[in-house]
Amino acid sequence: MKLEDISRREEISPSFLVQILNEMKRAGLVTSKRGKSGGYLLARPPGGITILDIVKAIEPALVEIPTDSPGSSGSAVSKVWQGVSTRLSDRLKSISLEAVAADAAEPMYFI
0 MKLEDISRRE EISPSFLVQI LNEMKRAGLV TSKRGKSGGY LLARPPGGIT ILDIVKAIEP
60 ALVEIPTDSP GSSGSAVSKV WQGVSTRLSD RLKSISLEAV AADAAEPMYF I
């Protein structure tokens, strides 16, 4: 799919979208082809790409497990955040692009 088409359909500026797609390309989630008939394509079947894969590629800090915080309550607070982070990662890992597309009104294997 062409960058301009994705940008228009998802209402994302082309300059921001190219940054996202470059991160996804580095992570091996999409491939690109230059030229008139070029564009972006998923590197794997949509059932083999999870939302966790995408988050790790684009904004990995969102799913990093936090380390111990300072202070007398730091250890207890860190355990809470570690549990939250683990549950979030598990949930994101359980959702594939295929599942997201199945919930949409029409197929949309693009980000």
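By numbering that gives the first Met the number 0, the letter at position 69 of the sequence shown is numbered 68, and the numbering carries on one by one without gaps. Backbone N, C-alpha and C fix where the C-beta goes; we use that ideal spot for every residue, glycine too. What you are looking at is a predicted structure, and each value in this text was computed from that prediction instead of being measured.
Taking the CA atoms as reference points, Tyr39 sits about 13 Å from Gln18. Ranked by Cα distance from Glu22, the first of Lys55, Glu97, Glu63, Lys1 is Lys55. Separation of Ile53 and Ile94 (C-alpha to C-alpha, rounded to the nearest whole angstrom) is 11 Å. Annotation: the continuous beta strand (DSSP E) that includes Gly38 extends over 38–41. Between the segment 81–92 and the segment 39–51 there are three or more C-beta pairs closer than 8 Å, enough to call the two in contact.
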